[in-house]
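Those sequence lines, one after another, are chains A and B.
Take 39 as the starting number for the first sequence in the numbering used here and just add one per residue.
Take 1269 as the starting number for the second sequence in the numbering used here and just add one per residue.
Backbone N, C-alpha and C fix where the C-beta goes; we use that ideal spot for every residue, glycine too.
Values in this document were obtained by computation on a predicted structure and should not be read as measured data.
Structure first, commentary second.
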Amino acid sequence: QEKVQQSPESLIVPEGAMVSLNCSFSDSASQSIWWYQQHPGKGPKALISIFSNGNKKEGRLTVYLNRASLHVSLHIKDSQPSDSAVYLCAVSKDNNNAPRFGAGTKLSVKP
Amino acid sequence: EAAVTQSPRNKVAVTGGKVTLSCNQTNNHNNMYWYRQDTGHGLRLIHYSYGAGSTEKGDIPDGYKASRPSQENFSLILELATPSQTSVYFCASGDAGNQDTQYFGPGTRLLVL
């Protein structure tokens, strides 16, 4: 089964900082990668996804996928206190394989 | 926006008792999932379904059963609850037309005494 590992476990940054979150996965056949955001007491919410090698930018978010190294990263520009949450990486082979999640990175953005 | 609801939101059960967690989605998604979330483990997949009448085992199915009687409803059943099943349970529906992006419910907090 797919193994998904995230780093760091937690991160504290000042408001306005650039945040970088990492995710590595085990199966080179994995097709789809998502980043989810989870606030305390809530269910995860999809933020951004990537399916092709390279990068994808949406607003303050940029995700980089390197299939050769089985690594994906999420970068948050100009971080805000409202970005404080747990960020989860999810990976799956295709629509017929349920996504597997990493343990998450807890981000705290201090005003 | 896609809507997934779960009931109950909180549940206290006794060891050996039967617990049923319910999930309803109004997105008309074929795929539905049950995960549990514990500190340090992220979301772990228990059971999932590709449509009414189908259920599949996930990574940690022992002690759990699932039922998908309709497109909208997906239940997780603990026939003999144990304290190790104390956790937060999340249901999700998956949009196969959008690379299976998942829409999560608010979660059920289960405490087994």
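Might you give, ordered along the chain, the residues of its own chain that have their beta carbon closer than 6 Å to the beta carbon of N91/A, omitting 5 neighbours on each side?
Within the first sequence, numbered from 1, the residue matching residue 91/A stands at position 53. Annotation for N91/A: L103, R105 place their beta carbon closer than 6 Å to its own, counting only its chain and skipping 5 residues before and after.
Of the residues V1356/B, K1325/B, S1361/B, which one's Cα is nearest the Cα of P1341/B?
Sequence index remark: in the second sequence, residue 1341/B carries index 73 (1-based). For the sequence presented, residue 1341/B should be read as Asn rather than Pro. Comparing Cα positions, the closest option is S1361/B.
So is I50/A buried or exposed if we call it buried at 16+ other beta carbons inside 10 Å?
Position 12 of the first sequence, counted from the first residue, corresponds to residue 50/A. Result: exposed.
Can you give the Cα-Cα distance for Q1274/B and V42/A, rounded to whole angstroms?
Along the second sequence, read from residue 1 onward, the residue named residue 1274/B stands at position 6. Along the first sequence, read from residue 1 onward, the residue named residue 42/A stands at position 4. Spanning the two alpha carbons is a distance of roughly 27 Å.
If the cut-off is 9 Å on Cβ atoms, which residues from the segment 70-89 of chain A count as contacting chain B, listed in chain order?
When CB distances to chain B are screened at a threshold of 9 Å, the residues of the segment 70-89 of chain A falling below it are S70, W72, Y74, Q76, G79, K80, G81, P82, K83, A84, S87, F89, in chain order.
With a threshold of 8 Å between beta-carbons, can L1381/B be considered close to chain A, or not?
On the second sequence, position 113 is the one that residue 1381/B refers to. Taking Cβ atoms only, chain A never reaches closer than 8 Å to L1381/B, which makes this a no.
Tell me the rounded alpha-carbon separation between Y74/A and N60/A.
Taking the first sequence and counting its residues from 1, the one referred to as residue 74/A is at position 36. Taking the first sequence and counting its residues from 1, the one referred to as residue 60/A is at position 22. C-alpha separation (whole angstroms): 13 Å.
Locate the beta strand (DSSP E) running through T1376/B, then write down its first and last residues.
Within the second sequence, numbered from 1, the residue matching residue 1376/B stands at position 108. Annotation: the continuous beta strand (DSSP E) that includes T1376/B extends over 1376-1380.
Taking contact to mean at least 3 C-beta pairs separated by less than 8 Å, is the segment 1339-1356 of chain B in contact with the segment 1370-1380 of chain B?
The segment 1339-1356 of chain B vs the segment 1370-1380 of chain B: in contact.
Helix, strand or coil for S1322/B per DSSP?
The count along the second sequence starts at 1 and reaches residue 1322/B at position 54. Coil, per DSSP.
Is there a Cβ of chain A sitting closer than 8 Å to that of H1297/B, yes or no?
Reading the second sequence from its first residue, position 29 is the one you call residue 1297/B. Not a single C-beta of chain A is nearer than 8 Å to the C-beta of H1297/B.
Under DSSP, the beta strand (DSSP E) around K131/A begins and ends at which residues?
For the purposes of this step, residue 131/A is taken as the residue at position 93 of the first sequence. Counting along the chain, no beta strand (DSSP E) covers K131/A, and no H or E run does either.
Please say whether G1310/B and L126/A have beta carbons closer to each other than 8 Å?
For the purposes of this step, residue 126/A is taken as the residue at position 88 of the first sequence. For the purposes of this step, residue 1310/B is taken as the residue at position 42 of the second sequence. Contact flag set, yes.
Using a Cβ cut-off of 7 Å, pull out every chain B residue sitting near S130/A, in sequence order please.
If you number the first sequence from 1, residue 130/A lands on position 92. Going along chain B in sequence order, the residues near S130/A (Cβ under 7 Å) are D1368.
Please name the residue or residues paired with A84/A in a DSSP beta bridge.
Numbered from 1 along the first sequence, position 46 holds the residue referred to as residue 84/A. Paired residues: Y74/A.
Y1383/B CB to nearest chain A CB: under 8 Å?
As shown, chain B starts at 1269 and ends at 1381. That puts residue 1383/B outside it, with no answer to give.
Which residues, in chain order, does the segment 1282-1313 of chain B contribute to contact with chain A at a C-beta distance below 7 Å?
Taking 7 Å as the Cβ-Cβ cut-off against chain A, the residues of the segment 1282-1313 of chain B that qualify are Y1301, G1308, H1309, G1310, L1311, L1313.
Quick check on S117/A: buried or exposed, where buried means 16 or more other Cβ atoms within 10 Å of its Cβ?
Taking the first sequence and counting its residues from 1, the one referred to as residue 117/A is at position 79. Its Cβ being crowded by 16 or more others within 10 Å, S117/A is buried.
Along chain A, in chain order, which residues have C-beta atoms closer than 9 Å to that of P1374/B?
The residue you call residue 1374/B lines up with position 106 of the second sequence. Contact note: P1374/B reaches chain A through G79, K80, G81, using a C-beta cutoff of 9 Å and chain order.
Would DSSP call Q1305/B helix, strand or coil?
The count along the second sequence starts at 1 and reaches residue 1305/B at position 37. In this structure, Q1305/B counts as strand in the three-state DSSP scheme.
Residues within the segment 1325-1347 of chain B neighbouring chain A, beta-carbon criterion of under 8 Å:
Within the segment 1325-1347 of chain B, the residues whose Cβ lies closer than 8 Å to any Cβ of chain A are, in chain order, G1326, D1327.
Per-residue DSSP class, three states only, for G79/A
Position 41 of the first sequence, counting from 1, holds the residue named residue 79/A. Three-state DSSP puts G79/A in coil, outside helix and strand.
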